[in-house]
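Enquirer:
Number of protein chains: 2
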Amino acid sequence: MAGKRAITRQSLPDVIANDLRERILSGELAEGETIRQEALAEEYDVSRMPIREALKRLNAEGLVQWTNNRGGSVTKHSLSEIGEIFDLRSLIEVDLFRRSIPKMDAGDFARCEEILKQMETSYDDNDVSKWGILNHEYHSALYTASDRKLTQELLDRINMQSDRYVRMHLSVMKQREPAKMEHRDLLQLARDGKVEDACELLTSHIRRTKEQLLEMIASKRADEAQR
Amino acid sequence: MAGKRAITRQSLPDVIANDLRERILSGELAEGETIRQEALAEEYDVSRMPIREALKRLNAEGLVQWTNNRGGSVTKHSLSEIGEIFDLRSLIEVDLFRRSIPKMDAGDFARCEEILKQMETSYDDNDVSKWGILNHEYHSALYTASDRKLTQELLDRINMQSDRYVRMHLSVMKQREPAKMEHRDLLQLARDGKVEDACELLTSHIRRTKEQLLEMIASKRADEAQR
DNA sequence: TGCTAAGATGTTGGATACAAAATAAAAGCT
DNA sequence: AGCTTTTATTTTGTATCCAACATCTTAGCA
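Going down the list, the sequences are from chains A and B. The numbering of the first sequence is the numbering used here, which starts it at 197 and goes up by one. The numbering of the second sequence is the numbering used here, which starts it at 197 and goes up by one.
Shown next, in the form of C-alpha cells:
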C-alpha cells in the first residue's frame, strides 16, 4: 500500500470539468461566450467525448447553457437573478448556521479560528484568489456541525454561482474591514451561543455583500453597454 | 407553420433520462439497484452513448450514484437524509410562498383553484400518479407570482427527490382528508393576504407529510431488513 | 488449508467515424 | 431589389470500435 495515493482516480471529464469551471469562475471564459466542443477538444488534446461530458456537467451545475444541436454558451445571469442567488445563499446559510451553533464544539471553533487567521493573512497579502477559497472554507466550517450533508452540497452549488460574481469584483472591493470584523463577530456570537444574534449578523453580512456586488455589476454592465 | 409543433426537439438522452427518471421515481428501479449501461442500451435499442449521458444527468440530479470505472446504482437515502430533503423543501417553499402571496392576482388564484379541483377529482378516482403530478403543480402554482425562477428550479430538483418517497407511499397513505383541507386553506389564507398564517400552515403541512412518510419508510425498511 | 499472484472476464471510458441538425450562403423566382 | 427556396458548410449527436480498469476465478506456493 506504500506510496499508493488514496486519491480516487479522476477521469478526463472530471479534470476538464474542474478546469473549465475554474476558467468560468475566474472570468477567463466570459459571460455569454459561445462554446464549441471541437475547439476545446483541440485545446485539451482529447476527443470531443470527454469535453461533451464535462460541458453537460457544467450545464447541470448552471454555469453553462446548452441547447440541443445548437451548442452552448457561458451562462449570463441578469441582475435580479444574481440578487436571487444571494437571497438563496442567505436563506440556506442562516438555516445551517442556526442548526450548527448549538452543536459546535471546541474542535469546530478551533478550525474556524484557524481558517480565519489564514484569511486575514491572505488579506494583508492581497492574495485575492486565496482569500476567495478561504472565505468559502470558513463559511463551510461554520456549518459543518449542523451535519446536513445534502444541504451543504446544495449550498456549495449555489455558492459556486455567487463566487463567480464575488471574484469578478473582489479586487475592486474597497471596504473589506467591515467584512473582516463581521467574520470574527460571527464566530464570537456562535461561541457565546447567541443563536439569533449570530443569524441576524449573518443575514446582514450576506445582504451587504449582495448590495455592494449588485451595484458594482450594474455599473460595469452599464459601461459595457455604452461601448 | 401549420402542424409544426413548437416542441423543442428532444434528443435521445433527453427522452431516456426522462424515462429512467420516471422509472426511478415510480420505484420500478428500486433503491440501490445496480445499473449496467449495456443492459439499458439493449432495452432502449440504442448505443451506450446516449444511455451514458442520461445516466450522468441523473447522477447530477442525485437520483443515480456513479463511481468512476465501476458503474452506478440508484441512489438510496438514509432516513435522516430523507428528513433533510423535506426540511429543505419547507425552507424554500415557505420563502417562496411568503414572497408570492403579496403579488398574487386574480389569475393566479384562478389557476390554483383550477388545479385544486382537478386534484380533488383525481383524489376521488384514486388516481395516485395523477394526484402526485397535480400536487406538484399546485404547489408550483402557489409560488409562480414570486417570480423567482432560479429558486423554483432548485425547488423542482428537491421535490424530485421527495417525490420518490411521496409516491412510494402515496398509495398506503391513509388520512388524506387533512391534506385536502390544508390545500384549500392555503389558498384561502393567500387570498386573504394573511402571509404569516399561510406560511405557518405550509410549514406544518410539509412537516406532517415528512413525519408520516418517515414513519412509513422506517417500518418498511425494518421489514425488509428482517427478511 | 490458507494465502498470494497471475490470468480471464465483464464493464466502463475514450477515440474515431458517420449521420443528422442548424445555420449561412447562394441561386432562382416574382 | 426583395423574397423564397435550395445548396453548402459547420457543429452537434450517435454508433461502433478499441483501451483501460475492476472484479472474479483459478493456479501456484508455503
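Each residue gets a CB set at the ideal place from its N, CA and C atoms; glycine is no exception. Being a predicted model, the structure only gives us computed values, none of them experimental.
1) Could you run through the region 258–283 of chain A and flag, in chain order, every residue whose CB is less than 9 Å away from some CB of chain B?
2) If you follow the alpha helix (DSSP H) that V290 of chain A is in, where does it begin and where does it stop?
3) I'd like the list of long-range same chain contacts for L398 of chain B, defined as Cβ closer than 7 Å, with 5 residues on each side in sequence excluded.
4) Straight-line CA distance for I212 of chain A to A250 of chain A?
5) Could you tell me the alpha carbon to alpha carbon distance between A394 of chain B and E411 of chain A, rounded to whole angstroms?
6) Between which two residues does the alpha helix (DSSP H) harbouring G328 of chain B extend?
7) Can you tell which of A:A235, A:L221, A:I247, A:L236 has the C-alpha that lies nearest to the C-alpha of S207 of chain A?
8) So, does the region 267–278 of chain B touch the region 216–236 of chain B, judging by three or more C-beta pairs under 8 Å?
9) Are the CB atoms of V324 of chain A and S425 of chain A within a distance shorter than 7 Å?
10) When the Cα atoms are used, what is the spatial distance from G389 of chain A to Q422 of chain A?
11) T347 of chain B by DSSP, collapsed to three states: which one?
12) What residues of chain A sit near K252 of chain B, judged by a beta carbon separation below 9 Å?
13) Whose Cβ in chain B lies nearer than 7 Å to the Cβ of T347 of chain A?
14) Could you pull out every residue in the same chain whose Cβ sits closer than 7 Å to the Cβ of L385 of chain B, ignoring the five residues on either side in sequence?
15) Are any of the Cβ atoms in chain A nearer than 7 Å to that of L338 of chain B?
16) With I220 of chain B and I413 of chain B assumed to form a contact (beta carbons below 8 Å), what rounded beta-carbon distance in angstroms separates them?
17) Name, going along the chain, the residues of the region 403–418 of chain A whose beta-carbon falls closer than 9 Å to a beta-carbon of chain B.
18) What would DSSP say about V211 of chain A, mapped onto helix, strand or coil?
19) As a quick exercise: from A:I297, A:R244, A:V362, pick the residue whose alpha carbon is nearest that of I329 of chain A.
20) Within its chain, find whatever has a CB closer than 7 Å to the CB of M197 of chain B; leave out the 5 residues flanking it on each side and keep chain order.
21) Are there 16 or more other CB atoms within 10 angstroms of the CB of P298 of chain A, so buried, or fewer, so exposed?
22) Just how far apart, CA to CA, sit N264 of chain B and R295 of chain B?
23) For a contact meaning CB atoms closer than 9 Å, what does D291 of chain B contact in chain A?
24) Work out the CA separation of R387 of chain B and I311 of chain B for me, nearest whole Å.
25) Below 7 Å between beta carbons: does that hold for I354 of chain A and L284 of chain A?
26) Between the Cα of T347 of chain B and those of A:L236, A:S222, A:H401, A:G258, spot the shortest distance and give me the residue it belongs to.
27) With 7 Å as the threshold, decide whether the Cβ of R205 of chain B is near any Cβ in chain A.
28) Please classify S415 of chain A: does DSSP put it in a helix, a strand, or coil?
29) Which residue's Cα is closest to the Cα of R404 of chain A: A:Y334, A:P374, A:A418?
30) Taking just the CA atoms, how far does L350 of chain A sit from K376 of chain A?
31) I think A256 of chain A touches R360 of chain B, with their Cβ atoms under 8 Å apart; what is that distance to the nearest whole Å?
32) Would you identify the three-state DSSP class for G258 of chain A, choosing helix, strand or coil?
33) Taking only beta-carbon positions, decide if R344 of chain A is within less than 7 Å of chain B.
34) Assign R380 of chain A to buried or exposed, taking buried as 16 or more other Cβ atoms, counted over all protein chains shown, within 10 Å of its Cβ.
Expert: Inspection of the coordinates gives the following:
1) G258, T263, N264, N265, H273, S276, E277, E280, I281, D283
2) 275–296
3) Once the five neighbours on either side are set aside, the close Cβ partners of L398 of chain B are E289, V290, F293, L382.
4) 6 Å
5) Roughly 34 Å separates the two Cα atoms.
6) 324–339
7) Selected option, being the one with the closest Cα: A:I247.
8) yes
9) No information on residue 425 of chain A is available, as it lies outside the stretch 197 to 423 that chain A covers here.
10) 50 Å
11) helix
12) P209, E249, K252, R253, A256
13) E280, L284
14) D393, A394, L397
15) no
16) The Cβ separation is near 16 Å, so there is no contact.
17) none
18) helix
19) If you compare the alpha carbons of A:I297, A:R244, A:V362 with that of I329 of chain A, the shortest gap goes to A:V362.
20) Confidence in M197 of chain B is poor, its pLDDT being 31 and thus under 50, which makes the residue's placement unreliable; the coordinate value appears in the next sentence. Here M197 of chain B has no same chain residue with a Cβ atom under 7 Å from its own Cβ, once five neighbours each way along the sequence are excluded.
21) P298 of chain A should be labelled exposed.
22) Rounded to whole angstroms, N264 of chain B to R295 of chain B spans 42 Å at the Cα level.
23) D283, L284, L287
24) 16 Å
25) yes
26) A:G258
27) yes
28) Correct three-state label for S415 of chain A: helix.
29) A:P374
30) 26 Å
31) About 18 Å separates the two Cβ atoms, so there is no contact after all.
32) coil
33) yes
34) exposed
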